[in-house]
Each structure stands twice: as structure tokens, then as C-alpha cells.
Amino acid sequence: MLATLRNRDFALLWTAGLISVAGDYALIIALPLHAYALTGSAAATGGVFAAALIPRVLLGSVAGVFVDRWDRKRTMVAADLLRAALVLPLLLVVSSDLLWLLYLVRAMTGTLGLFFQPAEAALLPRLVGEERLVSANALNALNDNLGRLVGPAVGGLLYATGGLATVVVVDAATFAVSGALILAMRTNARPDRDGVVTADSMWRRMTGEWVAGLRYVGGNRALGTIFLAFGIGFVGEGTFSGGFTPLVVDVLRGGAEGAGILSSAQAIGGLLAGVVIARVALIVPPRVLFAGGLIGLGLTDLGLANAATLAPPGAGAVMVGSAFMLLAGVPIVVGFAAGNGLLQTLTVDAFRGRVFGALGAVQGLATLAGLGIGGVAIDAIGVVPVLSFGAAMWIAAGAIALLRLPSHAATVSFTESDAGTR
43 MLATLRNRDF
53 ALLWTAGLIS
63 VAGDYALIIA
73 LPLHAYALTG
83 SAAATGGVFA
93 AALIPRVLLG
103 SVAGVFVDRW
113 DRKRTMVAAD
123 LLRAALVLPL
133 LLVVSSDLLW
143 LLYLVRAMTG
153 TLGLFFQPAE
163 AALLPRLVGE
173 ERLVSANALN
183 ALNDNLGRLV
193 GPAVGGLLYA
203 TGGLATVVVV
213 DAATFAVSGA
223 LILAMRTNAR
233 PDRDGVVTAD
243 SMWRRMTGEW
253 VAGLRYVGGN
263 RALGTIFLAF
273 GIGFVGEGTF
283 SGGFTPLVVD
293 VLRGGAEGAG
303 ILSSAQAIGG
313 LLAGVVIARV
323 ALIVPPRVLF
333 AGGLIGLGLT
343 DLGLANAATL
353 APPGAGAVMV
363 GSAFMLLAGV
373 PIVVGFAAGN
383 GLLQTLTVDA
393 FRGRVFGALG
403 AVQGLATLAG
413 LGIGGVAIDA
423 IGVVPVLSFG
433 AAMWIAAGAI
443 ALLRLPSHAA
453 TVSFTESDAG
463 TR
């Protein structure tokens, strides 16, 4: 891995990513806190997450088509600099009347992220070569978890001491620094092209390939089961996303600092899991890892939802909740890595992009459904029963995967880089 980091352009991209991810997670923890402080509504808080998900559902699989036609370095630099400018209007959101602006900014920055991420992934093989792709992906996964570890804790502390404005300025600065580092890269980032493609023919090709990808998933029982399990689980994830801030603030009594601590605790668990996951995958079938990871995530979410029954609200409940969040980092990495690894090995290369694009859309739609259910239900019956329901959805998803996936499902070899993040 150290040899990979000695590659100048990869080191620039990796450093840019670490800085940007940390700033992103600082803002991600602060925005729902701010929305909840302005409105006291779980539905309004869930809107922060919904605003980021809608572009992913509508444009996630389309953005990659354009990335394959644009200079990848310029795409990333433009995305970073535009996001640095776009987050600044958040400084104006000082009352619930301007909450629409918060949602708009979140949607616009989320849309730009849809272009940055595939551009980075597409450029990586050219930066490091095929022989170092595994270590480069593992370093990027480490990068993400380090950002998740630092960002939420810093974001919660900055919000508690300086309000949203401080977090916004810091996040804008991280985007600007990231863009400057990427601009310094020297690698030719222009994609190889196979001829001139008109807008009309590109649209016809995109439509045909999208339909073929959906048919491919629908015709494979194992792939369909993975999609079904993730879909059910991400409904629960939506309730968690919308209910996390009310849980921490009103039930655990942890405030902004507590929200940051809890989120960072999950990243620690993810880092620990990443150390051992490759070895565990050699002896445990991927079907069991996938199902067990989803069930384990449900159980840890259930513990978090009910942490205030295990310790008094305040520091005690936050400590118990942090313990469950730390534990949750393990099944998230294990379950998502196994699920993604199964998808990669069960899908032929020509369809992988479309299969993962379709999965992203399913996960986004399911999360939106969970946000809608949670936003209404939390205001009606309280956050603890709703988050307990969300935890049960993950457990049900794992049980379905265990029962429906064939025991001879593909043997998977993967690293932490295959893992997803909450």
C-alpha cells in the first residue's frame, strides 16, 4: 500500500479525498441537527436526507454516461469548485422559512457528487495500473472510514460551538483544497473514445442498455434476492436516517456533540472490520456473511434505539449508544462487502455497471420510502418504536437472504474496498 501512495498523482487524489470526505461528513452531521433545531420535526430532518437521495435515484445511472465522455480530472475539479460555492448559501438558513434553501443546496451538491465519484473510479486504473488496483481501492476505503471517523465528531463540535455557519465555511474550504490538489495531477484524464456519438443515438443506447440491465437482474434469482434484501433493509435505513437526530437529541440527550460521537464510533467499528474481513471471507461462505451482516446490523440498530432503557439519558445513554454504533460498523462492512462481492461475481462484466446503477436506484427509492414512513410515524408515535421497526427490517432482510440465496452462491474474494457505508 505504501508503494501505491508513492505514486504522486494517486497521493494527490487520495489526500484530496480524505480532506473532502471529512468536510462532507462534518456537514452531513450538522445539517439534520440544524433542521431539527429550527423545526423540531422529524419529517423536516428526514427531508435533508431525501434531498440528497432524489438526484441519486433520478440521475445515478445516467451521470456515468457523461463521465465516460468528459475529461475525468476536469470533471472532478469542476464538481469540487462548484460544491465549494454552492454550500455557501447555507449561511442564509437561519429560520424554518428558508429550510427549502437547505434542501435545494443538498440536492445540488448531491447531484455534483454523482459526477465526481464515477470520474474518480474511472480514472483510478490509469493512475495506478491494474496491478495496484486492489491496494488503491483498499486505501480509498480506508480514506472513507478515516473521514467518517473525524468528520462527524468535528462537525458536531463545530455546530455546538459556532453554529451551522462555521461548519459551512469549513466544508467549502475542504472542497476548494480538494479541487486544487486534483488540479495538480499530471495524468492524462481524457477517456478513450470509440467514435462520435450523437445525442439522439446516445439516448437510444442508454435506454436500451438500462432495460437490458433490468431484465438481467430480473432473470437471476440470486441477484433478485440480493436486490430484495437490500431494498427491504434500506427501508429500515430510511427510518434510521430520519430518526437518528431526534433520538440523540430528545431521547439520549446527547446534543450535537453526542451525534458526532455516535457517528464517529461507527467508523471505528468499520475500520476494525476492514482489518479482518479479507481473512474471514476465506473461511465463511459469502451467503452467510451477507445475511449475517444484515441481521447483525438490525440487532445493533435495535440496541441503539433502546439505549436510553439501558442507561439514564445523558452521558450514560450516549456511551451505550456509542457502543452499539461501534458494533454496527462491523456488520455494515461485512454484510455490504459480501453483498457487493456476490453481485460482482454473479454478474458478467458487460452488465456490472448497470447492475450496480440499478442497485443504487433501488436503495435510494427504499431509503426515500423509509424516510417518508419515519417522518410521519416519529411525529405520531415517537422515535424509539419507529427505529425499532427499522431495525426489524434489516433483520428480516438478512433472514430472506439466508433462506433464498443458494448455498452454492459464488465464492467471493474481496477487500474492504467492496464495503458500503451507512
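In case it helps, the working numbering puts the sequence shown at residues 43 to 464. Every residue, glycine too, gets a C-beta built ideally from N, C-alpha and C.
Pick from the options: whose alpha carbon is nearest that of residue i?
i: P427; options: F282, V330, P328, P448; result: F282
i: F158; options: G440, A438, W112; result: W112
i: A126; options: V211, V135, G275; result: V211
i: I423; options: L447, A93, L60, A85; result: A85
i: V196; options: P328, R329, E299, A419; result: E299
i: G261; options: L140, I310, L388; result: L388
i: V290; options: A93, R114, R168, A357; result: A357
i: L344; options: V362, P74, P328; result: V362
i: A333; options: A438, L133, T351, S220; result: A438
i: L124; options: L331, A323, I310, A218; result: A218
i: R329; options: R321, G198, S449, G204; result: S449
i: L385; options: V425, T287, A264, L132; result: A264
i: T216; options: F286, L69, I319, S83; result: L69
i: V269; options: A359, V404, G377; result: Note that residue 269 is Phe in the sequence shown here, rather than Val. The option with the nearest alpha carbon to F269 is V404.
i: P288; options: L132, A419, L140; result: A419
i: F366; options: L346, A359, G377, V360; result: L346
i: V360; options: G377, G297, A323, V322; result: G297
If you draw a straight line from the C-alpha of residue i to the C-alpha of residue j, how long is it?
i: R231; j: G340; result: This sequence places Ala at residue 231; Arg is not what is there. Distance between the alpha carbons of A231 and G340: 42 Å.
i: G161; j: V63; result: For the sequence presented, residue 161 should be read as Ala rather than Gly. Roughly 16 Å separates the two Cα atoms.
i: A58; j: I96; result: 26 Å
i: D51; j: D66; result: 22 Å
i: L490; j: A349; result: The chain is shown only over 43 to 464; residue 490 falls outside these bounds and no answer can be derived.
i: V239; j: F108; result: Residue confidence is low: V239 scores 49 on pLDDT, short of 50, so the model does not pin down where it sits. Its coordinate-derived value is still stated next. If I take the Cα positions, the gap works out to 11 Å.
i: A301; j: G155; result: 24 Å
i: L444; j: W142; result: 42 Å
i: V147; j: R190; result: 21 Å
i: S364; j: R257; result: 42 Å
i: Q308; j: V326; result: 23 Å
i: S138; j: L206; result: 14 Å
i: G266; j: V90; result: 30 Å
i: G284; j: G417; result: 6 Å
i: R446; j: S430; result: 24 Å
i: G402; j: F272; result: 10 Å
i: H76; j: A92; result: 15 Å
i: R116; j: V129; result: 20 Å
i: L369; j: A315; result: 10 Å
i: I337; j: D213; result: 35 Å
i: G152; j: V135; result: 18 Å
i: P373; j: L80; result: 34 Å
i: A441; j: D421; result: 30 Å
i: L352; j: T342; result: 14 Å
i: L73; j: V390; result: 40 Å
i: I8; j: N49; result: Within the shown structure, residues of the chain are numbered from 43 to 464, placing residue 8 beyond reach of any answer.
i: L101; j: G204; result: 35 Å
i: L331; j: L140; result: 45 Å
i: S83; j: G198; result: 19 Å
Apart from the five residues just before and just after residue i, which ones in its own chain have a Cβ nearer than 8 Å to its Cβ?
i: P516; result: Because the chain in this structure spans residues 43 to 464, residue 516 falls outside the shown range and cannot be described.
i: V277; result: A408, T409, A411, G412, I415, G432, M435
i: N185; result: W56, G59, L60, V63
i: A149; result: A93, A94, I96, P97
i: A47; result: As written in the sequence, residue 47 is Leu, which differs from the Ala given in the question. Counting only Cβ-Cβ distances below 8 Å, and skipping sequence neighbours, we find A53, W56, L181.
i: I224; result: L54, L55, A58, K115, M118, V119, D122
i: G280; result: G88, F91, A408, T409, L410, A411, G412, L413, G414, I415, G416, G432
Under 6 Å Cβ to Cβ from residue i, same chain only, skipping five residues before and after it: list those, please.
i: G237; result: Because G237 carries a pLDDT of 48, less than 50, the predicted location of this residue cannot be relied on, and the following value inherits that uncertainty. For G237, where only same-chain residues beyond five positions count, there are no Cβ hits under 6 Å.
i: D460; result: Because the pLDDT at D460 is just 48, under 50, the model does not fix this residue reliably, and the value given afterwards should be weighed accordingly. A379, N382, G383, listed in sequence order.
i: G312; result: N187, G371, V375
i: S455; result: Caution applies to S455, whose pLDDT of 44 falls short of 50 and renders its modelled position unreliable; the value that the coordinates give is listed next. Taken in chain order, the list of residues that qualify is empty.
i: P194; result: Y67, I71, G302, S305, S306
i: G406; result: L95, R98, V99
i: V192; result: A64
i: L169; result: D51, F52, T229
i: A121; result: L154, F157, F158
i: T208; result: L200
i: Y145; result: G89, A93
i: G221; result: V119, D122, L123
i: A202; result: A298, E299
Within 9 Å of any Cβ in chain D, is that where the Cβ of residue i sits?
i: G377; result: Any reference to chain D falls outside this structure, which holds one protein chain only.
Sorted by chain position, which residues of the same chain lie with C-beta nearer than 7 Å to residue i's C-beta, five sequence neighbours on each side aside?
i: R228; result: D51
i: L132; result: L144, V147, L206, V210
i: V259; result: L265, G266, F269, V397, A400
Report the residue ranges of all alpha helix (DSSP H) runs contained in full by the stretch 120 to 190; include only those spanning at least 4 residues, in chain order. 141 to 170
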